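All remarks here apply to the structure that follows.
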Amino acid sequence: MSTVLVTGATGYIGGRLVPALLEAGHEVRCLVRTPTKLRGIDWAERVTVVEGSLEDDGAVREAMEGCSAAYFLVHSMGGSDDFAATDRRNARLFAEAAADTPTMERIVYLGGLGEEGEDLSPHLASRHEVGDTLRVGRVPVTELRAAVIIGSGSASFEMLRNLVEVLPAMVTPRWVDTKVQPIAIRDILHALITVLDRPDTLGRIIEVGGPEVLTYREMMHTYAEVAGLRKRWIVPVPVLSPSLSSRWVGLVTPLPGGLARPLVESLVNEVIVHDHSIDLFEDRPAVSFRESLELALRRVEDVDVRTRWSDASLPGQTPADPLPSDPDWSGGTVFIDEQSATADASAEAVFAVAAGIGGDRGWFVADVLWTLRGIADKLVGGPGMRRGRRHPDHLRVGDALDFWRVEAYEPPRLLRLRAEMRLPGEAWMEWVVEDEGPGRSRLRQRALFVPRGLFGRLYWYVVLPFHGLIFGKLAADIARRAGAAEGSVGSGR
3 MSTVLVTGAT GYIGGRLVPA LLEAGHEVRC LVRTPTKLRG IDWAERVTVV EGSLEDDGAV
63 REAMEGCSAA YFLVHSMGGS DDFAATDRRN ARLFAEAAAD TPTMERIVYL GGLGEEGEDL
123 SPHLASRHEV GDTLRVGRVP VTELRAAVII GSGSASFEML RNLVEVLPAM VTPRWVDTKV
183 QPIAIRDILH ALITVLDRPD TLGRIIEVGG PEVLTYREMM HTYAEVAGLR KRWIVPVPVL
243 SPSLSSRWVG LVTPLPGGLA RPLVESLVNE VIVHDHSIDL FEDRPAVSFR ESLELALRRV
303 EDVDVRTRWS DASLPGQTPA DPLPSDPDWS GGTVFIDEQS ATADASAEAV FAVAAGIGGD
363 RGWFVADVLW TLRGIADKLV GGPGMRRGRR HPDHLRVGDA LDFWRVEAYE PPRLLRLRAE
423 MRLPGEAWME WVVEDEGPGR SRLRQRALFV PRGLFGRLYW YVVLPFHGLI FGKLAADIAR
483 RAGAAEGSVG SGR
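All residue numbers for the sequence shown refer to this note's numbering, where the first residue is 3 and numbers rise by one.
As structure tokens, then:
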């Protein structure tokens, strides 16, 4: 078997492709911007990790050395408005590095369905452009084009799920009647691996999809049936533009506006398979849409979602950046709210409570204020609080946690979250647990904020009264909960 490079290994598709490649017998190398995000992942010890990003030409070339195939699975959707330029630049550097790698036989790229033409949405047009840019080099490109990917944790599944579950009736734009050919995540993974052993896929664009062509309206009705919900009333109207409808999608679903908008804009295009010249599912039938929903919901119910759309960090927020309070920071204003509490519990018990915060458990103190802050964040295009968390008890570096992201996770000592809500600055929450002897520990809590300009400073002072209602009690409540939990276990209750 061959050695293959996977970019985007900490993302939704890449994080599932790597273990599938290993199971198929391939050696895998991963180009990862933040290797600490792989801690706690069961396959991490079985791959070679090269630290770097697609913008780092040296790291890309190092990662490609000795590889026979390279997967291009990174894109900038949901980041800057000029995501197309970023993706185009990354694709060009990737193709050049592959051309200079003697062992490289093919690039595998996952793009999007949609007929070529001026009417393509900006997102789909960019997906096609990336494929064209990769093909400029000497290395043959196998481009798979797919539409809506259905799987536990996928952005398309979460958008569909939340729209149907939250809204029993909805006024929708006309795109609800656009034809779509959804595909199950397991079929995408099957296709991505199968092409490595198929010489006839070299230098080809291959369209892949599930067995049914549906409208988004039909997809919503089917989801309601599978989830055991009452029939949803859907009324399409011509006046709702994709831009306007993406705003209410951003409010109702966990997807931030920067991600919801390109997804919704893409739904105005018919995305179905027209070219059937290569069939990658000859050895097994493709999963039906209903079955893909059932599989995804089962994973959600069993708390067994391996990767999520939110696993990818928002552009410009790198967990490797130092805290502004670190000694080597270059100066500037830092506002800090520090609290501490003593717990009649072990450090492990205190850390477990702190690490279990958020998601369905809420934020322990003044939960309504956290909810209102999440709503406000959604209104200005942020992620809000609906992303929840991957698992109710376990965390990994890089996990999304409501409108935070796990930046440091070192049980039972340190948990640090970096804010991803819309702010006039940068913010962190940090808990450090210190062992003070048998059955006793101290929790130190810090909220840090680096303001951006005058507005950032005004923001800090406006929210300062709410800090008194939240942060001052939060550390004490974590300590109390840890003591109660450990006392309950010790007494046999």
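Each residue gets a CB set at the ideal place from its N, CA and C atoms; glycine is no exception.
Note that the coordinates shown come from a computational prediction; the quantities given were computed from them, not determined experimentally.
When DSSP states are grouped into helix, strand and coil, Trp177 belongs to the helix group. His77 is classed as buried because its beta carbon has at least 16 other beta carbons within 10 Å across all chains shown. Burial is judged here by how many other beta carbons sit within 10 angstroms of a residue's own beta carbon; Phe451 has at least 16 and is buried.
The three-state reading of DSSP puts Phe451 in strand, counting E and B together.
Check the Cα spacing between Arg41 and each of Glu57, Leu456 and Val399: the tightest is with Val399. Within the same chain, and ignoring the five residues on either side of Gly114 in sequence, the residues whose Cβ sits closer than 8 angstroms to its Cβ are His125, Leu126, Arg129, His130, Arg147, Ala148, Ala149, Ser268 and Val273. Residue state for Ser70 is assigned as coil, using DSSP reduced to three classes. For Asp102, no pairing in a beta bridge is given by DSSP.
Per the Cβ contact rule, the stretch 137 to 145 is not in contact with the stretch 229 to 237 (fewer than 3 Cβ pairs under 8 angstroms).
Straight through space, the alpha carbons of Tyr411 and Thr12 are spaced by roughly 16 angstroms. By the neighbour-count criterion, in which a residue is buried when 16 or more other Cβ atoms sit within 10 angstroms of its Cβ, Ile359 is buried. Under the 10 Å beta carbon count, Glu160 is surrounded by 16 or more other beta carbons and is classified as buried.
Counting other Cβ atoms within 10 Å of its Cβ, Gly386 reaches 16 or more and is therefore classed as buried.
Spatial neighbours of Asp44 in its own chain (CB-CB distance under 7 angstroms, excluding positions within 5 residues in sequence) are not present. In this structure, the CA atom of Pro175 is about 26 angstroms from the CA atom of Gly376. With a threshold of 16 other beta carbon atoms within 10 Å, Pro467 falls short and is exposed. DSSP, reduced to helix, strand and coil, places Pro238 within a strand of the structure shown. Burial state of Tyr463 is exposed, judged by a 10 Å Cβ sphere holding fewer than 16 other Cβ atoms. Rounded to the nearest angstrom, the gap between the Cα atoms of Leu381 and Asp202 is 49 angstroms. For the pair Gly211 and Ile185, the CB atoms are nearer than the 7 angstroms cut-off. Between Glu209 and the set Arg200, Leu165, Arg249 and Gly116, the nearest pair of CA atoms involves Gly116. The residue among Gly153, Asp395, Arg18 and Leu95 with its C-alpha nearest the C-alpha of Arg292 is Gly153. Non-local C-beta neighbours of Leu122 in its own chain, meaning closer than 8 angstroms and more than five positions away in sequence, comprise Gly116, His130 and Asn271, ordered along the chain. By the neighbour-count criterion, in which 16 or more other beta carbons inside 10 Å mark a residue as buried, Leu194 falls on the buried side. About 28 angstroms separates the beta carbons of Leu425 and Ala481, which is beyond the 8 angstroms limit, so they are not a contact pair. Within the stretch 148 to 212, the complete beta strand (DSSP E) segments of 3 residues or longer fall at 171 to 174 and 207 to 209, listed in chain order. Taking 7 angstroms as the cut-off, the beta carbon of Gly384 is found no closer than this to the beta carbon of Gly361. Positions of the beta strand (DSSP E) runs, each at least 3 residues long and wholly inside the stretch 343 to 371, cannot be given because no such run exists. Taking the Cα positions, Ser248 is about 45 angstroms away from Gly485. Judged by their CB atoms, Ala356 and Trp433 are nearer to each other than the 7 angstroms cut-off.
Bounds of any beta strand (DSSP E) do not take in Thr224; it lies within the alpha helix (DSSP H) bounded by Tyr218 to Val228. At a Cβ-Cβ threshold of 7 angstroms, Arg48 and Leu204 do not count as neighbours. By a beta-carbon distance limit of 8 angstroms, Val289 contacts Asp189. Their separation comes to about 6 angstroms. The beta carbon of Met66 sits closer than 7 angstroms to those of Leu7, Ala72, Ala99, Ala100, Thr103 and Met106, all from its chain and outside the five residues before and after it, given in chain order. Contact between Val34 and Val110 is absent: CB atoms are separated by about 18 angstroms, not below the 8 angstroms threshold.
Short of 8 angstroms from the beta carbon of Thr217, and not among the five residues preceding or following it, lie these beta carbons of its own chain, in chain order: Val178, Asp179, Thr180, Lys181 and Val182.
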